[in-house]
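J.: For the sequence shown, the residue numbers in the numbering used here are 101 to 424. Using N, Cα and C, we set each Cβ at its ideal position, and we do this for glycine too. A single structure is presented below for examination.
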Amino acid sequence: MFRAFNDEQARTIVNLEQRYEVWMEACQQLAAMPYDLRIKSSKDRKYLYEITGRDGNGISLGALDDEKLEQFEDYRNRKAELKSRIETSVSSVDESCAMYRALRLPLLASQAGDILRRADERGMLGSDLLVVGTNAIPAYQLESNGYLVGIPDETEDFDLAWAASAQPEEGAKPVWSLLKAVDSTYTMNTERPFQARNAKAYEVELLVAPSKVDMLDRLDVPKPVPLPEQEWLLLGRPLSRVVVCRDGKPARLYVPDPRYFALHKLWMSRQSKRNPNKRNKDRIQGNILLNAVRDAMSHYPLNEAFEASLPSELMMDFENWRRG
């Protein structure tokens, strides 16, 4: 069943996205700057240092001269400007988030939001990471401009897929660095090395398609097992939507094309090795989402061209759904 958002809800969603973009752009620019620049004295000479972290350690950029002094002042001015822009824009974002919650629009788990905001700040969403599990559902509801009534839409874990097209710097460990920046208590599950969990038992699973394995840093964790069916979630046109979390903070969801996501769910519901309770949830999600694509997402056509693009493994699911 599909129930469309009213005009006020639709307007709030648009305003939130616009305000989030302004705020996050400033956050991204600030995050890309050096942690700090400082002038230090040594043996009656002054040097410009780039500070790399809270511990105060850094590297010398050379003796202070007119050029270095200008670099230092430009850095200070730019940092102050970005902080001011963030402070100004965050109030309008908070206002939209409060309205979003008051209107009972689809929400996301707070701990997922913590990870997504930090990933967005680092420019990893879309370029490196996709949300591929049940937490993707709120994005599809916003894209369809309505509630997908009866669809299971929240779990106690968080599934991410590695989607990068280029290898990260050797030893960068971008996923592990991201998780530890969000919560230092994250550790790898030694029994399930594709999974990390924090002190509150919140689980994050990393998935990867065989075509993307070589784009993973070999030292990064979690360490996913390549799954051929993950290739299907890289097809089509992914989408990005800004949602609000249960703690009232915003986050961007970057998720697979809803058609392939839905068919992937239906395929999973047929796998005998999968937990029966999850199989039923997969079936419900897949059917409701495909119905919503047909009825409310005409920009994702279910036509002959789409059918011709389907992997053979998904043809049965598409035909079964189409027969109703």
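Of all the options Gly162, Gly336 and Met124, which has the alpha carbon lying nearest to the alpha carbon of Ile139?
T.: Nearest C-alpha to Ile139: Gly162.
J.: Ends of the beta strand (DSSP E) at Phe294?
T.: Note, Phe294: premise wrong, no beta strand (DSSP E); not H, not E.
J.: Val232 by DSSP, collapsed to three states: which one?
T.: coil
J.: Restricting to Cα atoms, I'd like to know which of Thr255, Leu307 and Ala272 is closest to Ala69.
T.: An answer regarding residue 69 cannot be provided, because it is not within the stretch 101 to 424 covered by the chain.
J.: For a quick check, are the C-beta atoms of Gly246 and Arg341 less than 8 Å apart?
T.: no
J.: Could you tell me whether the segment 175–195 touches the segment 124–138, using the rule of 3 or more Cβ pairs below 8 Å?
T.: Yes: at least three Cβ pairs fall under 8 Å.
J.: Taking just the CA atoms, how far does Asn380 sit from Pro314?
T.: In the sequence as presented, Pro is not what sits at residue 314; that position holds Asp. Their backbone Cα atoms lie some 34 Å apart in a straight line.
J.: Under 8 Å between the Cβ atoms of Arg352 and Leu278?
T.: no
J.: Note down, in chain order, each residue of its chain lying with its Cβ closer than 6 Å to the Cβ of Ile215, except the 5 sequence neighbours on either side.
T.: Taken in chain order, the residues that qualify are Val282.
J.: Here's a check: name, in chain order, each residue in its chain whose Cβ is nearer than 6 Å to the Cβ of Ser244, leaving out the five neighbours to either side.
T.: Counting only Cβ-Cβ distances below 6 Å, and skipping sequence neighbours, we find Ala392, Ala396 and Met397.
J.: How would you label Pro350, buried or exposed, when you count the other beta carbons within 10 angstroms and need 16 or more for buried?
T.: buried
J.: Applying the 10 Å Cβ sphere with the 16-neighbour rule, what's the burial state of Ser196?
T.: buried
J.: Grab the span of the beta strand (DSSP E) containing Trp262 for me, first residue to last.
T.: Residues Asp257 to Trp262.
J.: Whose CA, out of Tyr147, Gln241 and Asp194, lies closest to the CA of Val122?
T.: Asp194
J.: With DSSP run on the structure shown, which of helix, strand or coil describes Met199?
T.: helix
J.: Closest by CA to Leu306, which one among Val232, Asn387, Arg394 and Ile151?
T.: Val232
J.: What number of angstroms, rounded off, separates the C-alpha of Arg119 from the C-alpha of Ser210?
T.: 20 Å
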